[in-house]
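Shown next, in structure tokens, is the structure this report addresses.
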């Protein structure tokens with residue numbers, strides 16, 4: 038049961054967006070530009086969603102990991118295996134580029150705290166072709182999900198068990214982005 | 038030295054806002070409503086800045102801890118001692134209400150991960166008079182600074198050593214809020 042009295046029928050962060058619209062707007066603007074818009078990053082929306090999925094998995098946030106895993110799958114033409122590998126933290130063998138492996142390594146350092154990112158992590162990403170902007174985007178996506186995961190779990194919001202719920206949210210967000218109406222389960 | 042090529046003369050997150058204006062806008066909108074606006078919370082701006090300061094101290098983020106400590110001081114009529122106690126993690130003896138002590142305890146749990154917040158933490162805050170909205174605001178402020186701290190340190194931005202720099206930023210932000218031009222040191 039959530040720690041505070043939240044609107045019923047909305048899972049995870051959606052219940053918090055309904056509860057406090059003042060912060061919902063900038064938070065959705067942030068993920069829209071960070072994850073969804075095509076002209077804001079040279080990483081694809083699918084790659085950016087995988088970074089969000091991986092960070093949420095490392096933080097053991099069931100709602101965010103399943104939601105962004107489902108969005109990533111829909112952004113990556115239904116590639117379910119790569120999402121499963123990222124959720125299982127099998128990065129070495131996951132079906133992603135060597136550049137993405139280096140960026141996911143940076144994301145895992147950010148998840149443990151910003152100071153854990155080393156010069157060697159950055160050099161490795163550059164060696165695999167990552168630009169400054171791609172390193173920037175990776176750090177901010179991982180940092181942002183350290184916020185979203187804590188917001189969702191710190192207030193003990195409801196995380197559905199039904200995989201089809203996450204798939205429906207994933208399809209909606211991959212198609213429409215983050216600025217449309219929240220997904221209602223009931 | 039920063040991990041990526043950032044504009045010179047801007048400390049901490051200000052260099053990142055100059056580097057990537059697309060995400061600077063929602064991030065500043067978020068702190069404006071979360072920390073500064075008077076009509077968005079029943080916690081005072083000074084109390085909300087103390088939660089940001091405490092979380093940043095727990096994350097050992099020099100730039101954010103010093104900046105928000107200075108903003109808190111200016112929001113709290115120059116009460117430097119309470120800021121020093123919060124930065125030194127002396128919450129038990131700090132010059133804050135029992136409600137704020139209970140909320141800072143929740144913030145410290147969020148800093149370690151959302152699932153660490155217990156029913157007992159929530160009950161204790163309620164016993165001291167905290168409302169649902171104040172618990173919500175505390176969790177989101179602590180969560181947001183787990184993002185800002187990681188963004189600032191994950192890219193190894195420049196944190197000035199000079200206390201007068203933080204005091205000047207603190208005075209500016211306490212007065213003008215977060216939507217005005219960045220503070221330039223050079």
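Chains as they are written, first to last, in this note's numbering: chain A, 38 to 223; chain B, 38 to 223.
For every residue, glycine included, the Cβ atom is placed at its ideal position computed from N, Cα and C.
Give me the residue from the options with the minimum Cα distance to residue i.
{"i": "residue 201(B)", "options": "121(B), 103(B), 148(B)", "result": "103(B)"}
{"i": "residue 60(A)", "options": "188(A), 213(A), 122(A), 126(A)", "result": "188(A)"}
{"i": "residue 165(B)", "options": "38(B), 45(B), 140(B), 40(B)", "result": "140(B)"}
{"i": "residue 138(B)", "options": "115(B), 116(B), 117(B), 163(B)", "result": "163(B)"}
{"i": "residue 134(B)", "options": "39(B), 54(B), 81(B), 55(B)", "result": "81(B)"}
{"i": "residue 216(B)", "options": "129(B), 54(B), 124(B)", "result": "54(B)"}
{"i": "residue 175(A)", "options": "184(B), 176(B), 180(B)", "result": "184(B)"}
So, helix, strand or coil for residue i, using DSSP?
{"i": "residue 128(A)", "result": "coil"}
{"i": "residue 152(B)", "result": "helix"}
{"i": "residue 40(B)", "result": "coil"}
{"i": "residue 114(A)", "result": "coil"}
{"i": "residue 46(A)", "result": "coil"}
{"i": "residue 197(A)", "result": "coil"}
{"i": "residue 96(B)", "result": "coil"}
{"i": "residue 57(B)", "result": "coil"}
{"i": "residue 90(A)", "result": "helix"}
{"i": "residue 212(A)", "result": "helix"}
{"i": "residue 167(B)", "result": "coil"}
{"i": "residue 146(B)", "result": "helix"}
{"i": "residue 133(A)", "result": "coil"}
{"i": "residue 217(B)", "result": "coil"}
{"i": "residue 104(B)", "result": "helix"}
Apply the 10 Å Cβ neighbour rule to residue i and answer buried if 16 or more other Cβ atoms are within range, or exposed otherwise.
{"i": "residue 86(A)", "result": "buried"}
{"i": "residue 136(A)", "result": "buried"}
{"i": "residue 52(B)", "result": "buried"}
{"i": "residue 58(B)", "result": "exposed"}
{"i": "residue 79(A)", "result": "exposed"}
Check each residue of the stretch 67-82 of chain A: if its Cβ is closer than 7 Å to any Cβ of chain B, include it; give the result in chain order. Listed in sequence order: 67, 70, 71, 77.
Report yes or no: do the stretch 153-161 of chain A and the stretch 110-121 of chain B share at least 3 C-beta pairs separated by less than 8 Å? Because the criterion of three Cβ pairs below 8 Å is not met, the stretch 153-161 of chain A and the stretch 110-121 of chain B do not touch.
Against chain A: residues of the stretch 88-111 of chain B by CB proximity under 9 Å: Cβ contacts with chain A come from 96, 97, 98.
contact_flag[the stretch 89-99 of chain A, the stretch 200-214 of chain B] where n(CB pairs < 8 Å) is 3 or more: The stretch 89-99 of chain A, when compared against the stretch 200-214 of chain B, does not touch it at the 8 Å Cβ threshold.
Output needed in chain order: residues of the stretch 178-189 of chain A with a Cβ under 9 Å from some Cβ in chain B. Per Cβ criterion, the list reads 179, 180, 181, 182, 183, 184, 185, 186, 187, 188, 189.
Taking three-plus beta-carbon pairs below 8 Å as touching, is the stretch 167-174 of chain B in contact with the stretch 193-200 of chain B? Cβ pair count under 8 Å is below three, so no.
If you measure beta-carbon to beta-carbon, which residues of the stretch 48-61 of chain B are closer than 9 Å to chain A? Residues 53, 56, 57, 59, 60.
Under 7 Å, CB to CB, which of the residues in the stretch 111-143 of chain A have a partner in chain B? Contact residues of the stretch 111-143 of chain A toward chain B are absent (C-beta to C-beta distance below 7 Å).
Touch check for the stretch 64-78 of chain B and the stretch 41-49 of chain B: three-plus C-beta pairs under 8 Å? Cβ pair count under 8 Å is below three, so no.
In chain order, what residues of the stretch 147-174 of chain B put their CB closer than 7 Å to some CB of chain A? Residues passing the 7 Å Cβ filter: 147, 150, 151, 152, 154, 159, 169, 172, 173.
Please list, in chain order, the residues of the stretch 197-214 of chain B that have any C-beta partner in chain A closer than 7 Å. Residues passing the 7 Å Cβ filter: none.
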